Structure formats: C-alpha cells, structure tokens
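Engineer: First the structure, which I've put down as structure tokens, then a few questions once you've had a look.
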Amino acid sequence: MSATVIDGKAFAAKVRGQVGEHVTRLKAEHDLTPGLAVVLVGEDPASQVYVRSKGKMTVEVGMKSVEHKLDVDTSEADLLAVIDGLNNDPTIHGILVQLPLPEHLNEDLVINAIDPAKDVDGFHISNVGLLGTGQKSMVPCTPLGCLMMLRDHHGSLSGMDAVVIGRSNIVGKPMAQLLLGDSCTVTIAHSRTKDLADVVRRADIVVAAVGRPEMVPGDWIKAGATVIDVGINRLDAPERGAGKTRLVGDVDYESCAAVAGAITPVPGGVGPMTIACLLANTLTACCRANGLAEPEGLTA
Ligand code: NAD
0 MSATVIDGKA FAAKVRGQVG EHVTRLKAEH DLTPGLAVVL VGEDPASQVY VRSKGKMTVE
60 VGMKSVEHKL DVDTSEADLL AVIDGLNNDP TIHGILVQLP LPEHLNEDLV INAIDPAKDV
120 DGFHISNVGL LGTGQKSMVP CTPLGCLMML RDHHGSLSGM DAVVIGRSNI VGKPMAQLLL
180 GDSCTVTIAH SRTKDLADVV RRADIVVAAV GRPEMVPGDW IKAGATVIDV GINRLDAPER
240 GAGKTRLVGD VDYESCAAVA GAITPVPGGV GPMTIACLLA NTLTACCRAN GLAEPEGLTA
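As numbered in our numbering, residues 0 to 299 make up the sequence shown, in order.
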C-alpha cells in the first residue's frame, strides 16, 4: 500500500482563504477588523522568523497585525505591563507571546497574565481547564491543525484507536483531549512507555510529537493507519552541499508511507497548519468578543 499524502500546505492555504472571507464579511457587515498582537522578547533567530511570518500572514488575511519587540533583558514587570495594555485594547482580539522566553522571565506567570479570551495559543490555565472539561475554549494551534486534517480525511473519528506519542502541554496533552472530544479511544505514550512499538501498532491514528528524528519506523504502523507527524527536526545534509541541512519529522517517512493509509509529510504537513490555526483562533476570538456566531469548521 502507498499512503495518501495529506497536503498540509494546501490545506493551510484553504483555511487561510476561509479566514480571509470571514474577515471581509466582518468588515463589511460589522465594521470589525480582527487584531493579533505578537510579543517577542529578545532576538532568538528562529523566533524572529516565526514572528515575521505570522505578521505577514495576518495582514494577508486582512487582519490587523501588531508586533511588540522587547529587549532581551526586559523585566517581568515591563512585559506584564505590555500584556495588560493589549488585554485592555479593544482592537486586539488575539495575543501571542512567542516562546521560549529568556530565562529570567517566568513563562507560566506571563502566559497566565493574558486575558483567556485573547489567548489564541490556548496555553492559559483557564483554556487548558476548559478544554480538559470539554467546554468552549481557545485550543492550541498545532493540535487544532492536526484535528482539522484528521476530520477532513476521515469525516468522523468516533471509535478510532488513537495513539499520541509525546505528553507536552503544547502538543501531546491537548491533542489527546481533542481526540477524546471526537470520541477516539486515546493512549498517550511518552519516554517511559513500555513496548512503545506494540502500543503504536494498535493505532488507527498515530500522532507523533516527540522531537526525535525519524524515530517511528514503518513496522510500528498498522496497515492503513493515519500518521500525523508533528516533529520538526533539522539534520545536517552534507549531500546537499557544505553546511546544508534538511528537515525531517519524528516518523521515518518512506517506511511509514509504505504501510500507512495516509500520512503528513515534513515539511509541508502539520507546520503550515499551525499558523493557519492561529489566524482561525484570532477570528474566533473576535467573533466571541463581539457576540457573533463563530466561523464554522475553524474551531474544535
Ligand atoms: P517536548 O520536548 O516538550 O515533548 C516531547 C515529548 O516526547 C515528551 O512528552 C516526552 O515524554 C516524549 N518523548 C521523548 N522521548 C521519547 C521516546 N523515546 N519515546 C516516546 N516518547 C518520547 O516537545 P513538543 O513541544 O511537544 O514538540 C515535539 C515535536 O514537535 C518537536 O519536534 C517540535 O519541534 C515539534 N513541533 C512542531 C510544531 C509544528 O507547528 N509543526 C509545533 C510544536 C512542536
């Protein structure tokens, strides 16, 4: 069997198109422009690239984009003051603090200072609790993107066996909650899981969020299963020339694609969906803040 490739790049473009159409309607019918503020502390090169690309795509879908670039030695009090200003700014509907923060800043404290209704990353403790109890929340962007791709591919996920490898607060745990919400039978595997290969072999859906290059081989995958590869790992690629690198996921693509029913590639799978879902969450937050119906198909 050769797996269907789930094209996250094309799907993300479609989601951004839908978000853009909603934004056009919000402007025309309600004189409303959703606004997203991104706060970056320090000059981490990878974070700068993410923030630039978030800002560009925010503007492309017709939203207002605000960037706060703060010095690496910004104090906690100053950062909290910036967040407080954004919490109280009615033109801002989504606030994202780019992680990781410099070590002298308490990430939990900072994230929990964001108004939960504007917490488009879904990391605020209130949103974590709401998701865990099956209530309306802001859902973390990467797992939301995975869920959208799974729903699009399968329709209903009800009764499917899902194994999530990884238990991080950003990906693994919220992913498991979302799959449970769609009535999957969910197992969360992690670094201490015994017989991981056997656990993964049971799965109709495998979500790999580990951060270990190509660690899931094809012989762990049940024939016909759907494999969602969240991992982004950069490897040296001297065959491409001196100093060159290439991106790989947490699954061994070739061997898994040979047995899976469907698979997301890296790059071009989960990655592009993450920013698309950030825009979708900002739109959702704007609709909720103004008592308007939420955009269909763009929430969990
Ligand atoms: P993390 O380091 O916080 O968590 C990794 C998890 O993997 C841990 O829960 C750990 O228990 C588990 N793990 C580690 N070694 C294991 C092993 N040998 N067997 C089974 N489980 C093991 O990482 P994270 O933030 O959840 O990210 C995971 C990966 O996803 C990374 O590659 C990251 O770059 C990527 N990621 C991608 C996106 C995206 O937009 N595509 C977003 C977030 C993270």
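Glycine included, each C-beta is placed from N, C-alpha and C at the ideal position. These numbers were taken from a predicted model, which means no experiment stands behind them.
Given a threshold of 16 other Cβ atoms within 10 Å of its Cβ, counted over all protein chains shown, does glutamine 134 qualify as buried or as exposed?
Structural biologist: Position 135 of the sequence shown, counting from 1, holds the residue named residue 134. Glutamine 134 is exposed by the Cβ-count criterion.
Engineer: Which residues mark the beginning and the end of the beta strand (DSSP E) in which valine 247 is found?
Structural biologist: Your numbering for residue 247 matches position 248 in the sequence shown. Residues 244 to 247.
Engineer: What's the call for asparagine 87, buried or exposed, on a 16-neighbour Cβ count within 10 Å?
Structural biologist: Taking the first residue of the sequence shown as 1, we reach residue 87 at position 88. Counting Cβ neighbours within 10 Å, asparagine 87 comes out exposed, since fewer than 16 surround it.
Engineer: Considering only residues of the same chain and omitting the five flanking positions on each side of alanine 11, which have a CB-CB separation below 6 Å?
Structural biologist: Here residue 11 is taken as the residue at index 12 of the sequence shown, counted from 1. The residues are Pro271, Met272, Ala275.
Engineer: At a threshold of 8 Å, does aspartate 249 count as lining the ligand NAD (C-beta to nearest heavy atom)?
Structural biologist: Within the sequence shown, the letter at position 250 stands for residue 249. Yes - the ligand NAD has a heavy atom lying nearer than 8 Å to the Cβ of aspartate 249.
Engineer: In chain order, what residues of the same chain lie with their CB nearer than 8 Å to the CB of alanine 116, ignoring the 5 residues before and after it?
Structural biologist: Your numbering for residue 116 matches position 117 in the sequence shown. Cβ within range, chain order: Met137, Ala284, Arg287, Ala288.
Engineer: Do methionine 148 and the ligand NAD come close, with the Cβ less than 8 Å from some heavy atom?
Structural biologist: For this step, residue 148 is matched to residue 149 along the sequence shown. No, the beta carbon of methionine 148 sits no closer than 8 Å to any heavy atom of the ligand NAD.
Engineer: Quick one: is the Cβ of alanine 188 within less than 8 Å of any heavy atom of the ligand NAD?
Structural biologist: For this step, residue 188 is matched to residue 189 along the sequence shown. Alanine 188 Cβ: within cutoff of the ligand NAD.
Engineer: For valine 37 versus lysine 53, is the C-beta spacing smaller than 9 Å?
Structural biologist: Mapped onto the sequence shown, residue 37 falls at position 38. Mapped onto the sequence shown, residue 53 falls at position 54. Closer than 9 Å, so yes.
Engineer: Please determine, among Leu277, Val247, His103, the residue with the shortest C-alpha to C-alpha distance to proline 266.
Structural biologist: Within the sequence shown, the letter at position 267 stands for residue 266. Ranking Leu277, Val247, His103 by Cα distance to proline 266 puts Val247 first.
Engineer: Alpha carbons only, please: which of Ile204, Val205, Val96, Ala112 is nearest the one belonging to valine 50?
Structural biologist: What you label residue 50 is simply residue 51 of the sequence shown in a count that begins at 1. The option with the nearest alpha carbon to valine 50 is Val96.
Engineer: Can you tell me whether asparagine 126 is buried or exposed? The criterion is at least 16 other CB atoms within 10 Å of its CB, across all chains shown.
Structural biologist: As a first step, residue 126 must be located in the sequence shown, where it is residue number 127. Buried, by the Cβ-count rule.
Engineer: Are the CB atoms of histidine 29 and leucine 291 nearer to each other than 9 Å?
Structural biologist: Numbered from its first residue, the sequence shown carries residue 29 at position 30. Numbered from its first residue, the sequence shown carries residue 291 at position 292. Their beta carbons are under 9 Å apart, which means histidine 29 touches leucine 291 by this criterion.
Engineer: Measuring CB atoms only, is the stretch 221 to 233 touching the stretch 179 to 193, in the sense that at least three cross pairs come out at less than 8 Å?
Structural biologist: At 8 Å Cβ cutoff, the stretches do not touch.
Engineer: Here's the rule I'm using: 16 or more other beta-carbon atoms within 10 Å means buried, otherwise exposed. How should glutamate 309 be labelled?
Structural biologist: In the structure as shown, the chain starts at 0 and stops at 299, and residue 309 therefore has no counterpart that could be examined.
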